[in-house]
Structures are given as C-alpha cells and as structure tokens.
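What follows is one structure encoded as structure tokens, with my remarks underneath.
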Amino acid sequence: MNEKTMRGKLIRSGRESNILEIHDANSTINSYYDMSATIQFTLSYCSGLSEDDFYNVLSVSPDKDYFYSSYIASDFHEFNSRAPHQHAFFELVLVLKGSITQQMENKDYLYPAGTCCLINQNVFHVEKYIGKARVLFIGLSVDFIRELQESHRTAYYKEETALDNSVLRFMTDNIELEKGKNYLDFLPVYQNRKNTAILHKFADRLLQTMMFPTFGSTFVLKGLICQLFYYLDTKEYYHISNVTLNSSSDLLLFSRIGHLMEDTDGRMSRSDLEKSLCYSGNYINAIVNKYTGMCLYDYGLTFTMKKAAHLLAETKNSISAIEAQLGLTNRTHFYKLFRKKYGMTPGEYRKEMQKPDAAGRPSADYHAV
Numbered sequence: 007m008n009e010k011t012m013r014g015k016l017i018r019s020g021r022e023s024n025i026l027e028i029h030d031a032n033s034t035i036n037s038y039y040d041m042s043a044t045i046q047f048t049l050s051y052c053s054g055l056s057e058d059d060f061y062n063v064l065s066v067s068p069d070k071d072y073f074y075s076s077y078i079a080s081d082f083h084e085f086n087s088r089a090p091h092q093h094a095f096f097e098l099v100l101v102l103k104g105s106i107t108q109q110m111e112n113k114d115y116l117y118p119a120g121t122c123c124l125i126n127q128n129v130f131h132v133e134k135y136i137g138k139a140r141v142l143f144i145g146l147s148v149d150f151i152r153e154l155q156e157s158h159r160t161a162y163y164k165e166e167t168a169l170d171n172s173v174l175r176f177m178t179d180n181i182e183l184e185k186g187k188n189y190l191d192f193l194p195v196y197q198n199r200k201n202t203a204i205l206h207k208f209a210d211r212l213l214q215t216m217m218f219p220t221f222g223s224t225f226v227l228k229g230l231i232c233q234l235f236y237y238l239d240t241k242e243y244y245h246i247s248n249v250t251l252n253s254s255s256d257l258l259l260f261s262r263i264g265h266l267m268e269d270t271d272g273r274m275s276r277s278d279l280e281k282s283l284c285y286s287g288n289y290i291n292a293i294v295n296k297y298t299g300m301c302l303y304d305y306g307l308t309f310t311m312k313k314a315a316h317l318l319a320e321t322k323n324s325i326s327a328i329e330a331q332l333g334l335t336n337r338t339h340f341y342k343l344f345r346k347k348y349g350m351t352p353g354e355y356r357k358e359m360q361k362p363d364a365a366g367r368p369s370a371d372y373h374a375v
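As numbered in the numbering used here, residues 7 to 375 make up the sequence shown, in order.
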C-alpha cells in the first residue's frame, strides 16, 4: 500500500474517518477541536525538519483508529504554522522524545522530553515541532472525568475515595469554573532519571489496551489513566505548577530553575541546567537575574545556605560533614555566606536552634540521620 492509499485510512476497520472533528480548520485566527469519543490518544512522531524528514500521526479511540503520514516537504510546515486551537476536552501532553514548543495564548513554552502539560478547554494553543520529537496527546472528555470521579466515590479503598489527586482536582475545578485559562506544568524532579522511560511504558500500555481490547479493557484503561495521574502527582517524581496565562512565559522557566535548584540544594551546574531545560546558560542566567537581581551561581548558593541551615538545625552532622555534603570546599567562604544570610556563624546558628523553649524542649527537633 503506497503512502497516498495509506493516508487517512483506519487501521482496523479500513474506513476513512477521523476521531477529531475540527471546526474552522482553515481559519488564520483560531479553530475548535471536538472528539467523537470519551477518550482518545494521538501518538505523533516527527523525524526532523529537513525536506527528507517525515512525521506520522496515529490516533486511536475505543471505536476508531486513524493513521496519517506526510513528508516534511509536502504539508508539514503548513501543519506547524497552523492557527491556535481550543478543545472541547482536556489534553494531557507527554513529551516522550526530543522537544516541542507549546504556544499558549500567544506565549511560547518549551517542553523537552520527560516534561508534560495538562491543558484545559479554554486555552488557545498550538504545539510546534522544532526538531526530532515523539509526543503522546491524551484527550480526556468531561464525561470521562466525571466517570473517574464517580468511580472514586464508589471505590473499594479509602485511599481512592479522598479525591485529593492534583491532576484530577485540576480538571474537576475547571469543569465547575468553566472559564479559567490555566494549565498544569509537570517538570521531572532532577533525581527522577527514569521519567522518560516510565512515560514510554505508560504510553505503550495505554496504546496497546486501546488498540487490542479484551474483556475488562475499559477498567484497565481507566486504571492506567489513574496510575498516570498518581505518578505525575507524586512529589518525589514531578514538580507541578498551575500556570495562569496572564503571567509572563519567563515566569514558568524561572519556576523550573527554582525547582531544580531545590532538588540539588543549589549545586546544579550551569551545563546540567542547560541539558534539563533545553535553554542556553546565558538565557537561564538572564532569567534568574531578571527575577532576583542575582547571577545564576549566587542564586544557587541561596539554596545551598538554606540546606546548610536545615542540616545544622535538624541533624548532629558536624559542620565539616555538612560542608562536604554540600560540596563546599572553602570554609572561610562558607562562613561568610552563611553569616551574610543568617547574621551568625554556622556554629552560633546551631546553638540558637538548640535553645530550649518554655517547656524545656529544644527549639527544633534535633536528631541524627
């Protein structure tokens, strides 16, 4: 079967159809996407941006499958420059490989592999490929979210009935408010080195369940979605930022820098930040300076001093051990920085934190680790 025959054909049924219904598709201002299913997955792969490259799109839902392929030289650039669109559903975007740019309400946000975002129905946006990338788009209808809510209300385990998952709560709140323009940003914790591999496993299991259904697949599918929500909402794996679109796009990048500095006690190198965030070190430094007035190195040291203070107050580790743990090799410089931030030496700070309160207890829980 040649490409022209393959294009637009349904894999299982052989009928021409599309899961997404696009209104005002030729508009240069914006368009509106609706879908015929309660849930759908779109796996998109772009091999690059040269004329010899191509992109493939596979969309699957409980009743339809759709495959599309095109070479870059034909109509990919038209696809990449299309007008922003809005959904009748929530869209959870998992970047599995490479990087994409999400343009939301005319602001550009970079999403490298391992990052995710959850976009509500009111946000005008368009994803743009900037090179080789693989992305899974998960469309979640309002009906599907309500089904999950109802399932949790009648769940067997009390841990399920709390409905305290941030991802599900975000969608529930947006369904009730209806007009909010915000989205969730998911940044992997620095120590979560397997985040991309885990997202790939979720993508594979979701697609396999959807494309090869058996008895009970509906429950498996809902369970996998809930497990994905749980994974993204686990603080040891991901940082979640609720981004309102009346704020600067630089603010999200600054938030990501802060999260990674927190993960590494301020000892994350400039080159590691470049790799994690896919921005140049000069630009990252400029963003930090914009919001703090400090250079990147000095900003990182504020997190280091915060961690040092915590270790002095909460552990019995020696000052030398704390210095070694934080990668501080110059004691004089450390004492100078600490005194500047806390107005006393590390030893004086520790004594202050150990002073008993009115009940005769130390002012901080003081224990060895």
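From the three backbone atoms N, C-alpha and C, an ideal C-beta is built for every residue, glycine too.
In the DSSP assignment, what are the bridge partners of residue i?
| i | result |
| --- | --- |
| I45 | L146 |
| N201 | DSSP lists no partner for N201. |
| Q92 | Y38 |
| A314 | A314 is not bridged to any residue. |
| D155 | Correcting the residue type first, residue 155 is Gln in the shown sequence and not Asp. According to DSSP, Q155 bridges with nothing at all. |
| V376 | This structure leaves residue 376 out entirely; the chain is present only between 7 and 375. |
| K134 | T107 |
| Y51 | N62 and R140 |
| L183 | DSSP, once it has assigned bridges, lists no residue as partnering L183. |
| P194 | Y244 |
Tell whether a beta-carbon distance below 9 Å holds between residue i and residue j.
| i | j | result |
| --- | --- | --- |
| Q46 | V66 | yes |
| F208 | L100 | yes |
| L259 | L230 | no |
| Y61 | S42 | no |
| T202 | L102 | yes |
| D40 | E57 | no |
| L183 | I246 | no |
| Q127 | Q155 | no |
| F150 | L98 | no |
| A89 | S157 | no |
| D271 | F309 | yes |
| N248 | F176 | yes |
| V195 | Y237 | no |
| L234 | N188 | no |
| I290 | L307 | no |
| K138 | G186 | no |
| Q109 | Y117 | no |
| Y305 | V294 | yes |
| G287 | S277 | yes |
| L279 | L266 | yes |
| I136 | L55 | yes |
| I181 | R199 | no |
| A314 | L332 | yes |
| Y72 | I25 | yes |
Under 8 Å by Cβ, that's how I've got residue i and residue j pegged, so tell me the actual separation to the nearest angstrom.
| i | j | result |
| --- | --- | --- |
| V141 | S50 | 5 Å |
| F95 | V129 | Contact doesn't hold; Cβ gap of about 12 Å is too wide. |
| L193 | R262 | 5 Å |
| M300 | K347 | Actually they are not in contact, since the Cβ atoms of M300 and K347 sit about 12 Å apart, beyond 8 Å. |
| F340 | E329 | 6 Å |
| N336 | D239 | Their Cβ separation, rounded to whole angstroms, is 40 Å, which puts N336 and D239 out of contact at 8 Å. |
| S254 | Y115 | Between Y115 and S254 the Cβ distance is about 11 Å, and since that is not below 8 Å, they are no contact. |
So the beta strand (DSSP E) residue i belongs to, where does it begin and stop?
| i | result |
| --- | --- |
| Y74 | D71 to Y77 |
| L259 | Where L259 is concerned, there is no enclosing beta strand (DSSP E), although the alpha helix (DSSP H) it sits in stretches over S255 to D269. |
| D114 | K113 to P118 |
I need the DSSP call for residue i, collapsed to helix, strand or coil.
| i | result |
| --- | --- |
| M359 | helix |
| G104 | strand |
| C301 | coil |
| Q331 | helix |
| L26 | strand |
| S56 | coil |
| Y289 | helix |
| R18 | Model confidence at R18 stands at a pLDDT of 36, short of 50, so the residue's coordinates are unreliable and nothing is read from them. |
| L251 | coil |
| S65 | strand |
| N188 | strand |
| Q214 | helix |
| P352 | helix |
| L174 | helix |
| H373 | No answer about H373 holds up, because its pLDDT of 33 lies below 50 and its placement is not dependable. |
| G272 | coil |
| A161 | coil |
| V129 | coil |
| T220 | coil |
Does any C-beta atom of chain E lie closer than 9 Å to the C-beta of residue i?
| i | result |
| --- | --- |
| L116 | As a matter of chain content, chain E is missing from the structure shown, which is built from one protein chain. |
Check for me: the alpha helix (DSSP H) holding residue i runs from which residue to which?
| i | result |
| --- | --- |
| I231 | S223 to L238 |
| K346 | R337 to Y348 |
| K241 | Note, K241: premise wrong, no alpha helix (DSSP H); not H, not E. |
| D278 | R276 to L283 |
| K322 | Careful: K322 lies outside any alpha helix (DSSP H) and carries neither H nor E. |
| T167 | K164 to T167 |
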